[in-house]
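A.B. asks: Supplied in structure tokens, the structure appears directly below.
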Amino acid sequence: MRRGRAAGLAGMACALMVSVPGAATAAGQAELGDIRKAIANVAKTDGVVGAIGEVYVDGKRVGRGTAGSRLLHGKGGLIPSGSRYRIASQTKLMEAAIVLQLVGEGKLTLEDKLGDVLPEMAEHDYVDRAAEITVQQLIRHTSGIPDFMASGKFDVFDFTTPYQPIDLVKAARTVPRQGEPGEYRYSTTNYVLLGMIIERVTGHDRAAEFERRLFAPLGMRHTYLATKVSDQIKGPHGHGYYPDDQGRPRDVDRLNATIGAEGAISTAHDVSAFYRALSQGKLVPADLQRQLPRPFPSMCGGTVASASGGMPGISSITFSSIDGRTQFAVAVTLKIDNEKAEAVGAAITKAAEAVLCPGG
């Protein structure tokens with residue numbers, strides 16, 4: 004769960020022309036920029052502990068880079084570029100894809116009201132105006148439902164208290180509405196509710212549906228959904244840090260994954276597989292593609308889209324070409340508050356431009 008607001012999805016326009024054996028684009032041919040140098044530049048940004056990135060074309064890794072260190076103060080060696088990391092809000096796009104699959108299967112409609120799909124939300128007044136809010140508005144962050152984190156009731160460093168999704172929804176009810184239904188207001192509570200809808204409609208828990216619908220069929224063997232009160236990343240990985248009350252860096256290798264809807268832990272290879280399949284129409288029916296959270300591009304040939312996520316100690320962005328052939332997945336571990344990490348996001352975007360658009 005993020006503290007501070009990082010951009011959820013952003014578009015980056017640039018002509019994408021990549022030339023690797025057997026993977027030339029229709030737009031022309033150009034070499035990739037220096038990936039190692041680009042990642043090294045990201046690692047030089049104030050507040051960064053370590054940075055990793057990999058580029059994939061047609062599912063094949065064509066470049067990788069790692070810089071900085073696995074632990075604070077230059078310790079622990081380099082982070083392996085294929086390490087797992089928390090993808091944070093990129094999880095939401097995966098969840099949106101699952102919901103749209105259910106719509107395509109006729110198990111749900113975009114016009115279904117929250118109060119009908121989850122009757123308790125209206126019956127017990129857990130969500131204000133639940134009878135008006137639609138599934139589509141939840142997907143697009145236009146429900147007006149407040150973010151539960153604004154209640155001040157949750158601490159992702161509390162490893163003793165497990166929460167149920169309804170606890171988060173109830174907390175959001177204590178926060179003043181952010182806007183009217185139909186107005187864009189980013190709120191993680193929307194995706195907590197969508198997770199509950201997935202479980203109600205399928206009869207399976209959210210993690211099982213992620214595995215069945217996305218991770219297994221796409222060969223995302225190193226990806227899983229963190230769901231425990233004290234979840235650590237499996238295998239070698241970079242450690243991020245977050246200032247404690249005295250401003251001292253605190254290792255955030257553990258987070259309470261029962262708080263929020265952003266628990267996917269993945270790798271550059273696996274997130275690239277997801278965006279490749281999503282962009283190529285292999286996950287969501289064609290007539291529902293436009294329902295994906297904005298501003299994921301849909302009619303901008305020759306551009307690159309980016310999806311980002313931030314949590315204490317981590318910032319990650321995946322860049323993907325519109326045709327889905329090329330991905331550049333970057334993860335950066337931090338030692339600063341996410342609210343101070345704006346320069347990091349800018350550095351990652353600059354790195355992507357240098358790698359994917361070396362001609363300017």
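Position 169 of the sequence shown, counting from 1, maps to 172 under the working numbering, and the rest follow consecutively.
Ideal placement from N, C-alpha and C gives every residue a C-beta, glycine not left out.
#1: Considering only residues of the same chain and omitting the five flanking positions on each side of residue 42, which have a CB-CB separation below 8 angstroms?
#2: Answer with buried or exposed for residue 288, where buried requires no fewer than 16 other C-beta atoms within 10 angstroms of its C-beta.
#3: Return helix, strand or coil for residue 212, following the three-state DSSP convention.
#4: What did DSSP end up calling residue 358 once you bin it into helix, strand or coil?
#5: Residues in the same chain with beta-carbon distance under 6 angstroms from residue 327, minus the five sequence neighbours each way, listed in chain order, please.
#6: Looking only at C-alpha atoms, which of 308, 274, 313, 315 sits nearest to residue 2?
#7: Shorter than 8 angstroms from the beta carbon of residue 338 to some beta carbon of chain C?
#8: Quick check on this structure: which residue in 359, 192, 272, 319 has the alpha carbon closest to the alpha carbon of residue 98?
#9: Apply the 10 Å Cβ neighbour rule to residue 349 and answer buried if 16 or more other Cβ atoms are within range, or exposed otherwise.
#10: In whole angstroms, give me the CA-to-CA distance for residue 253 and residue 190.
#11: State the start and end residues of the unbroken beta strand (DSSP E) segment that holds residue 56.
#12: On the three-pair Cβ rule with 8 angstroms, is the region 136-152 touching the region 170-180?
#13: For residue 77 and residue 316, what's the separation of their Cα atoms in angstroms?
#14: Report the rounded CA-to-CA distance for residue 262 versus residue 171, giving the unit in angstroms.
#15: Quick one: what's residue 337 bridged to in DSSP?
#16: Can you grab the Cα-Cα spacing for the pair residue 64 / residue 272, in whole Å?
#17: Could you spell out the range, first to last residue, of the beta strand (DSSP E) harbouring residue 269?
#18: Grouping DSSP H, G and I as helix and E and B as strand, with all else coil, what is residue 64?
#19: Taking C-beta to C-beta, are residue 277 and residue 217 nearer than 8 angstroms?
#20: What does the Cβ neighbour count give for residue 235, buried or exposed, with the cut at 16 atoms within 10 Å?
#21: In whole angstroms, what separates the C-alpha of residue 215 from that of residue 249?
#22: If we ignore side chains and look at the alpha-carbon of each, how far apart do residue 204 and residue 293 end up?
#23: So is residue 251 buried or exposed if we call it buried at 16+ other beta carbons inside 10 Å?
#24: Tell me, please, whether the region 94-113 touches the region 125-145 by the rule of three or more beta-carbon pairs shorter than 8 angstroms.
#25: Give the straight-line distance between the Cα atoms of residue 84 and residue 359, rounded to the nearest whole angstrom.
#26: Express the C-alpha separation of residue 130 and residue 103 in angstroms, rounding to a whole number.
#27: Hey, could you find the ends of the alpha helix (DSSP H) residue 168 is sitting in?
#28: Only counting the same chain, and skipping five residues up and downstream in sequence, which positions put a Cβ closer than 7 angstroms to that of residue 338?
#29: If we ignore side chains and look at the alpha-carbon of each, how far apart do residue 286 and residue 227 end up?
#30: Identify, in the order they occur along the chain, each residue of the same chain with its Cβ nearer than 8 angstroms to the Cβ of residue 173, setting aside the five sequence neighbours on each side.
#31: What do you reckon, are the CB atoms on residue 309 and residue 319 nearer than 8 angstroms?
#32: Using only CA atoms, which one of 313, 331, 134, 290 lies nearest to residue 307?
#33: Among 267, 336, 115, which residue has its Cα nearest to the Cα of residue 223?
#34: Would you mind working out which of 290, 313, 336, 163 sits nearest residue 108, comparing C-alpha positions?
#35: Between the C-alpha atoms of residue 259 and residue 167, what's the straight-line distance to the nearest angstrom?
#36: Using CA atoms only, rank isn't needed, just tell me which of 361, 346, 356 is closest to residue 46.
C.D. replies: This is what the structure holds:
#1: In the sequence shown, residue 42 corresponds to position 39, counting from 1. These residues qualify, in order along the chain: 54, 55, 56, 68, 69, 70, 333, 354.
#2: Sequence index remark: in the sequence shown, residue 288 carries index 285 (1-based). Note on residue 288: under 16 other CB atoms within 10 angstroms of its CB, so exposed under the neighbour-count rule.
#3: To locate residue 212, count along the sequence shown from 1; it is residue 209. Of the three classes helix, strand and coil, the one that applies to residue 212 here is helix, per DSSP.
#4: What you label residue 358 is simply residue 355 of the sequence shown in a count that begins at 1. In the three-state reduction of the DSSP assignment, residue 358 falls in the helix class.
#5: Translated into positions along the sequence shown, residue 327 becomes position 324. Take residue 327, set aside five residues on each side of it, and the residues of its chain with a beta-carbon closer than 6 angstroms to its own are 279, 282, 283, in chain order.
#6: Because the chain here runs from 4 to 363, residue 2 falls outside it and cannot be looked at.
#7: Here chain C cannot be found, since the structure has a single protein chain.
#8: Position 95 of the sequence shown, counted from the start, is the residue given in the question as residue 98. For residue 98, the nearest C-alpha among the options comes from 192.
#9: For the purposes of this step, residue 349 is taken as the residue at position 346 of the sequence shown. The residue is exposed, with fewer than 16 neighbouring Cβ atoms inside 10 Å.
#10: If you number the sequence shown from 1, residue 253 lands on position 250. If you number the sequence shown from 1, residue 190 lands on position 187. Distance between the alpha carbons of residue 253 and residue 190 is about 26 angstroms.
#11: Within the sequence shown, numbered from 1, the residue matching residue 56 stands at position 53. It spans 51-60 - the beta strand (DSSP E) in which residue 56 sits, taken as one unbroken run.
#12: Per the Cβ contact rule, the region 136-152 is in contact with the region 170-180 (3 or more Cβ pairs under 8 angstroms).
#13: As a working mapping, residue 77 is identified with position 74 in the sequence shown. As a working mapping, residue 316 is identified with position 313 in the sequence shown. In a straight line, the C-alpha of residue 77 is about 16 angstroms away from that of residue 316.
#14: In the sequence shown, residue 262 corresponds to position 259, counting from 1. In the sequence shown, residue 171 corresponds to position 168, counting from 1. Approximately 7 angstroms between the Cα atoms of the pair.
#15: Stepping through the sequence shown from its first residue, residue 337 is reached at position 334. As computed with DSSP, residue 337 is found in a beta bridge with 51.
#16: Residue 64 sits at position 61 when you count from the first residue of the sequence shown. Residue 272 sits at position 269 when you count from the first residue of the sequence shown. Rounded to whole angstroms, residue 64 and residue 272 show a C-alpha spacing of 8 angstroms.
#17: Locating residue 269 in the sequence shown gives position 266, counting from the first residue. Where residue 269 is concerned, the enclosing beta strand (DSSP E) stretches over 267-269.
#18: Along the sequence shown, one-based indexing puts residue 64 at 61. Reduced to three states, the DSSP call for residue 64 is strand.
#19: Here residue 277 refers to the residue found at position 274 of the sequence shown. Here residue 217 refers to the residue found at position 214 of the sequence shown. Contact flag set, yes.
#20: Reading the sequence shown from its first residue, position 232 is the one you call residue 235. The residue is exposed, with fewer than 16 neighbouring Cβ atoms inside 10 Å.
#21: Within the sequence shown, the letter at position 212 stands for residue 215. Within the sequence shown, the letter at position 246 stands for residue 249. Going from the Cα of residue 215 to the Cα of residue 249 covers about 43 angstroms.
#22: To locate residue 204, count along the sequence shown from 1; it is residue 201. To locate residue 293, count along the sequence shown from 1; it is residue 290. Residue 204 and residue 293: Cα-Cα distance of roughly 22 angstroms.
#23: Taking the sequence shown and counting its residues from 1, the one referred to as residue 251 is at position 248. Exposed, by the Cβ-count rule.
#24: The region 94-113 makes contact with the region 125-145; the number of CB pairs closer than 8 angstroms reaches 3 or more.
#25: To locate residue 84, count along the sequence shown from 1; it is residue 81. To locate residue 359, count along the sequence shown from 1; it is residue 356. Each residue's alpha carbon lies about 18 angstroms from the other.
#26: Here residue 103 refers to the residue found at position 100 when the sequence shown is read from its first residue. Here residue 130 refers to the residue found at position 127 when the sequence shown is read from its first residue. Distance from the CA of residue 103 to the CA of residue 130, rounded to the nearest whole angstrom, comes to 22 angstroms.
#27: Position 165 of the sequence shown, counted from the start, is the residue given in the question as residue 168. Counted as a single uninterrupted DSSP element, the alpha helix (DSSP H) harbouring residue 168 occupies residues 168-175.
#28: Taking the first residue of the sequence shown as position 1, residue 338 is located at position 335. Short of 7 angstroms from the beta carbon of residue 338, and not among the five residues preceding or following it, lie these beta carbons of its own chain, in chain order: 50, 52, 75, 244, 252.
#29: Here residue 286 is taken as the residue at index 283 of the sequence shown, counted from 1. Here residue 227 is taken as the residue at index 224 of the sequence shown, counted from 1. Roughly 18 angstroms between the two C-alpha positions.
#30: Here residue 173 is taken as the residue at index 170 of the sequence shown, counted from 1. The beta carbon of residue 173 lies closer than 8 angstroms to those of 129 in the same chain, with the five residues before and after it left out.
#31: Translated into the one-based positions of the sequence shown, residue 309 becomes position 306. Translated into the one-based positions of the sequence shown, residue 319 becomes position 316. Contact flag unset, no.
#32: The residue given as residue 307 occupies position 304 in the sequence shown. In terms of Cα proximity to residue 307, the closest of 313, 331, 134, 290 is 331.
#33: Sequence index remark: in the sequence shown, residue 223 carries index 220 (1-based). Nearest C-alpha to residue 223: 267.
#34: The residue labelled residue 108 in the question sits at position 105 within the sequence shown. Across the set 290, 313, 336, 163, the C-alpha of 290 shows the shortest separation from the C-alpha of residue 108.
#35: Here residue 259 corresponds to residue number 256 of the sequence shown, with the count starting at 1. Here residue 167 corresponds to residue number 164 of the sequence shown, with the count starting at 1. Their backbone Cα atoms lie some 12 angstroms apart in a straight line.
#36: Locating residue 46 in the sequence shown gives position 43, counting from the first residue. Ranked by Cα distance from residue 46, the first of 361, 346, 356 is 346.
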